[in-house]
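Residue numbers (my numbering): 150 to 383. The beta-carbon is built from N, C-alpha and C at its ideal position, and this holds for glycine as well. Report on one structure; see the data block that follows.
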Amino acid sequence: MKPTIGITRCSKLDDYIESVKHAGGEPVVLEPGDDLRESLARVDGLLLSGGPDVDPRLYGETPHPSTVVDSDRDTFEIPLSREAVARDVPLFAICRGVQVLNVAAGGTLVQDIPSAIKSELDHSIQEPKHAEAHDVRVTPDTRLASALTPSRQLDTCSVNSRHHQAVARVAPSFVVSAVSSDGIVEAIERPESTFCVGVQWHPENFWRTGEFDGLFEAFVEAARQRRGNEVGRR
Numbered sequence: 150m151k152p153t154i155g156i157t158r159c160s161k162l163d164d165y166i167e168s169v170k171h172a173g174g175e176p177v178v179l180e181p182g183d184d185l186r187e188s189l190a191r192v193d194g195l196l197l198s199g200g201p202d203v204d205p206r207l208y209g210e211t212p213h214p215s216t217v218v219d220s221d222r223d224t225f226e227i228p229l230s231r232e233a234v235a236r237d238v239p240l241f242a243i244c245r246g247v248q249v250l251n252v253a254a255g256g257t258l259v260q261d262i263p264s265a266i267k268s269e270l271d272h273s274i275q276e277p278k279h280a281e282a283h284d285v286r287v288t289p290d291t292r293l294a295s296a297l298t299p300s301r302q303l304d305t306c307s308v309n310s311r312h313h314q315a316v317a318r319v320a321p322s323f324v325v326s327a328v329s330s331d332g333i334v335e336a337i338e339r340p341e342s343t344f345c346v347g348v349q350w351h352p353e354n355f356w357r358t359g360e361f362d363g364l365f366e367a368f369v370e371a372a373r374q375r376r377g378n379e380v381g382r383r
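Below you can see the structure in the form of structure tokens.
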């Protein structure tokens, strides 16, 4: 059977669903308000999707005027992320998702890139959704680097970009696995976990053309192995 991948509910689910299917997974949507433990019990992997800002009060800061939050999602996804990491459920976090992952583990965020950092890069190109906005430098010998190989045997890759927040202080036990030329953290991961990777861009938008198939395939394969291990213990 295909591994079941739980995707947190967001306003634009289609590309997440298709990316998971394309990589060999069976997607299910997790809703705010679902029971946390039941949600994790029914999935083999967790995908934290994109969306609005994480409430800065969750990491001890006063919200910037540009902040737009979804309290229901924060209330559901922060503890969901913590529990998934604690259980070593394979986890792939995208855009807002990487911010949730970092805050849940004790990190902080840059609340508004344009007002906090002088940069020539545009981190918020809304359309077209697969437009390549800038390059990121990938850290060698990371899970991210291995997932992008062999399809992308490069130290850098071009990504799309639709965010105004970003990882600031990286959470304990996580490492940076990609940065942009202006120093913005573009990906983090947790080396101790089987698969726990978060990226700031939107790889799901490229499922038709395959630029980031390796990321979804590595994630779904980790979920498949977990499913096999769970079945073997029964």
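Beta-bridge annotation (DSSP): F241 is paired with L196, V346.
D202 and V319 have their C-alpha atoms spaced approximately 17 Å apart.
DSSP places S326 in the uninterrupted beta strand (DSSP E) bounded by 324-329. Collapsing the DSSP output to three states places L162 in coil. Counted as a single uninterrupted DSSP element, the alpha helix (DSSP H) harbouring D221 occupies residues 220-236. Per DSSP, the unbroken alpha helix (DSSP H) holding P263 starts and ends at 262-265. For E353, there is no enclosing beta strand (DSSP E), since its DSSP letter is neither H nor E. Exposed is the label assigned to T358, since fewer than 16 other Cβ atoms lie within 10 Å of its Cβ.
The segment 279-298 makes no contact with the segment 229-241; the number of CB pairs closer than 8 Å stays below 3. If you look at A336, you'll find it in the beta strand (DSSP E) that goes 334-338. Between Q349 and H313, the C-beta gap is not smaller than 8 Å, which leaves the two residues out of contact.
With a threshold of 16 other beta carbon atoms within 10 Å, D221 falls short and is exposed. Contact check for L185 and L229: beta-carbon distance about 6 Å, within the 8 Å limit, so the pair qualifies. In the DSSP assignment, L179 falls within the unbroken beta strand (DSSP E) covering 175-179. Assigned with DSSP and collapsed to three states, V319 falls in coil, not helix or strand. In this structure, V316 lies away from G246, with their beta-carbon atoms at least 8 Å apart. For R286, the enclosing beta strand (DSSP E) covers residues 283-287. Between the alpha carbons of L207 and E180 lies a distance of about 20 Å. Nearest to P214 by alpha-carbon distance, out of V178, G174, P263, is P263. When secondary structure is reduced to three states using DSSP, S307 falls in the strand class.
Under the Cβ criterion (8 Å, minimum of three pairs), the segment 363-380 counts as touching the segment 153-172.
Cβ contact annotation for V308 (same chain, cutoff 6 Å, sequence separation greater than five): V285, W350, in chain order. Cα atoms of I227 and F241: separation of roughly 14 Å, rounded to the nearest angstrom.
Exclusion of the five residues before and after E353 leaves D164, Y165, S168, I243 as the residues of its chain whose Cβ lies within less than 7 Å of its Cβ.
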